[in-house]
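Below is one structure, written out as structure tokens, with a few remarks after it.
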Amino acid sequence: MDEKKQCQLEELADELEIILSVKNVISKEEINNFIQKFNYLSEHDIRLKISEVTKDNSYISNIEDTQQFILPSNLEYEYNQHMDTTQDENNSNVDEINSNDYEKIESKQVNDIECEEDLINPVIQLEKKKTYSFDENNIPEVSFIRGEIKYGQLSLEWGWPEEVDEVFICYKMDMFPKGPRDLAAVQYEIKRHGDEKVGSYIINKVSGGDFYFYVYTKVNFENKTCYSKGQKRLVVNREPSEIFYEIKIKRSIFGKLKSSEIMLWTKEKEMNLPQLIVVGKVGNMPLQKSDGGTILNIDCEVISKDNSMVIELPNDNIRGNMYVKLFFFDDANSKLFRIVSPAKERLYFK
Numbered sequence: 032m033d034e035k036k037q038c039q040l041e042e043l044a045d046e047l048e049i050i051l052s053v054k055n056v057i058s059k060e061e062i063n064n065f066i067q068k069f070n071y072l073s074e075h076d077i078r079l080k081i082s083e084v085t086k087d088n089s090y091i092s093n094i095e096d097t098q099q100f101i102l103p104s105n106l107e108y109e110y111n112q113h114m115d116t117t118q119d120e121n122n123s124n125v126d127e128i129n130s131n132d133y134e135k136i137e138s139k140q141v142n143d144i145e146c147e148e149d150l151i152n153p154v155i156q157l158e159k160k161k162t163y164s165f166d167e168n169n170i171p172e173v174s175f176i177r178g179e180i181k182y183g184q185l186s187l188e189w190g191w192p193e194e195v196d197e198v199f200i201c202y203k204m205d206m207f208p209k210g211p212r213d214l215a216a217v218q219y220e221i222k223r224h225g226d227e228k229v230g231s232y233i234i235n236k237v238s239g240g241d242f243y244f245y246v247y248t249k250v251n252f253e254n255k256t257c258y259s260k261g262q263k264r265l266v267v268n269r270e271p272s273e274i275f276y277e278i279k280i281k282r283s284i285f286g287k288l289k290s291s292e293i294m295l296w297t298k299e300k301e302m303n304l305p306q307l308i309v310v311g312k313v314g315n316m317p318l319q320k321s322d323g324g325t326i327l328n329i330d331c332e333v334i335s336k337d338n339s340m341v342i343e344l345p346n347d348n349i350r351g352n353m354y355v356k357l358f359f360f361d362d363a364n365s366k367l368f369r370i371v372s373p374a375k376e377r378l379y380f381k
């Protein structure tokens, strides 16, 4: 039981890492889904792990440390059998095998690789079998997974590993699928086209909600269809968070530039700002960050609707007849955030 609990704790940590790579908070709904999925973990175990990963003690503030874990009733028999094993195998009854039976069903579980028997036509069996440099216990995974939602369309891409020509995609809207046989998940089989290096899967007109993907590679060993352990990817479907800013300029009574500063704020309850850059260009507005020179780099900070951030701009980098504009240091952040610029004249240094 302890071994299974530790295994589920490791899987939970893996899923938390994926979720936190695209958003900052674990929702109550996601915690409830973890409770349902990880049947060897109590709510306290789950919240403790979340607190450990996020360094946020608020996840366990409402849970008593003395909370005890009760083994689910559907696992009680399995656990009791494990604790009270006997050596009565030699006394077990063996049913007589009927001589007219031609089929033998054998099931096994090896390193969580799921295999299912295929019904193969005897003519097809005569064909030469494809051979692999790996076995069913070590099926290679896709080399990468990336996903994004743009203009209402979800795009999922992955890197094809060598010798693998088919993937099995499963996804749910509330939690990661439990495996390739999770009937509650949406499932698709996609075959490789020729020698393509990158595979793709597209969902048009996506509805609201996040997408929890599992991508399994799929191969056939003789009369078995076998799947890899799978790779996870969470694709968050939400409107980009908006970042507002303005430039404040102070001049002397003679019109000389005294100081200037940039103020950033948001309408969100709280936001972890990505790394930003202020770019200046003499004579016209910079349309992209490569159009001008760097005025200021802004590191990742936390802002909220009640707590704006003000940073002074270095006078040495400001020129007359210059326009300044805020950009993302990494353009990939434009998927999660949107910079709302003020009017052109409010970004101008005379």
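All residue numbers in the sequence shown are consecutive under our numbering, ending with 381.
In this text, a Cβ means the ideal position worked out from N, Cα and C, and glycines have one as well.
Counting of Cβ neighbours within 10 angstroms places residue 80 among the buried residues, the total reaching 16 or more. Contact between the stretch 305-324 and the stretch 339-359 is present: three or more C-beta pairs spanning the two stretches fall below 8 Å.
In the three-state DSSP reduction, residue 71 falls in the coil class, being neither helix nor strand. Taking 8 Å as the cut-off, the beta carbon of residue 164 is found no closer than this to the beta carbon of residue 197.
Around the Cβ of residue 313, a 10 Å sphere holds fewer than 16 other Cβ atoms; the residue is exposed.
Runs of the beta strand (DSSP E) spanning 3 or more residues and lying entirely within the stretch 258-335 occur at 262-266, 272-282, 288-296, 307-313 and 324-329, in chain order.
Cβ atoms of residue 243 and residue 203 come within 8 Å of each other, at about 5 Å. A distance below 8 Å separates the beta carbons of residue 279 and residue 294.
Residue 51: member of the alpha helix (DSSP H) spanning 33-51, first to last residue.
The stretch 184-192 makes contact with the stretch 222-232: 3 or more CB pairs, one atom from each, lie closer than 8 Å. For residue 220, the enclosing beta strand (DSSP E) has its first and last residue at 217-222.
In this structure, DSSP gives residue 338 an extended state, which the three-state scheme calls strand. Between residue 58 and residue 378, the alpha-carbon positions lie close to 39 Å from each other.
When the Cα atoms are used, residue 330 and residue 92 turn out to be separated by approximately 31 Å. For residue 251, the enclosing beta strand (DSSP E) covers residues 242-252.
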